[in-house]
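Remarks on the structure that follows.
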Amino acid sequence: MDKLKVRVDQKKLERAAYVLKCLAHPVRISIIDLLEQRERLSVSQLQEVLQIEQSLLSHHLTNMRDKGLVETQREGKNVYYSLSNAAVTTIISCIHGKL
Numbered sequence: 001m002d003k004l005k006v007r008v009d010q011k012k013l014e015r016a017a018y019v020l021k022c023l024a025h026p027v028r029i030s031i032i033d034l035l036e037q038r039e040r041l042s043v044s045q046l047q048e049v050l051q052i053e054q055s056l057l058s059h060h061l062t063n064m065r066d067k068g069l070v071e072t073q074r075e076g077k078n079v080y081y082s083l084s085n086a087a088v089t090t091i092i093s094c095i096h097g098k099l
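In the UniProt record's numbering, the protein residues as written are 1 to 99.
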């Protein structure tokens with residue numbers, strides 16, 4: 001019988017844990033899901049769909065930006081958010097299919 005070994009590089013495991021910790025909230029999962037549906041959304045568009053306080057939404061978006069999950073683009077008074085890496089949407093697909 002072959003000896004068991006960890007098949008994923010330690011750095012990749014640490015990054016995965018880092019990303020999963022950031023996603024471990026229903027609002028943040030919803031934001032990822034919404035940004036998968038549209039290339040980019042403004043804070044007001046996200047707030048309208050999610051029906052949460054602007055300050056709470058900003059808290060989640062800042063957390064996600066700081067962790068590298070979303071990026072921002074300012075156009076006049078509007079700030080638009082988009083996914084930094086679409087690979088994170090695979091997690092959402094798993095949630096839709098299995099839970």
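Each residue gets a CB set at the ideal place from its N, CA and C atoms; glycine is no exception.
Fair warning: this is a prediction, and the values are worked out from it, not measured in the lab.
query                                                                                                                                                                                  : result
On the three-pair Cβ rule with 8 Å, is the stretch 66-84 touching the stretch 33-51?                                                                                                   : yes
Output the residue ranges of the beta strand (DSSP E) runs that lie fully inside the UniProt domain "HTH arsR-type" (8-99) and measure 3 residues or longer, sorted by chain position. : 70-75 and 78-83
Less than 8 Å between the CB atoms is what I'm expecting for Leu46 and Leu56, so what's the real figure, rounded?                                                                      : Between Leu56 and Leu46 the Cβ distance is about 11 Å, and since that is not below 8 Å, they are no contact.
Does the beta-carbon distance from Val88 to Val19 come in below 8 Å?                                                                                                                   : yes
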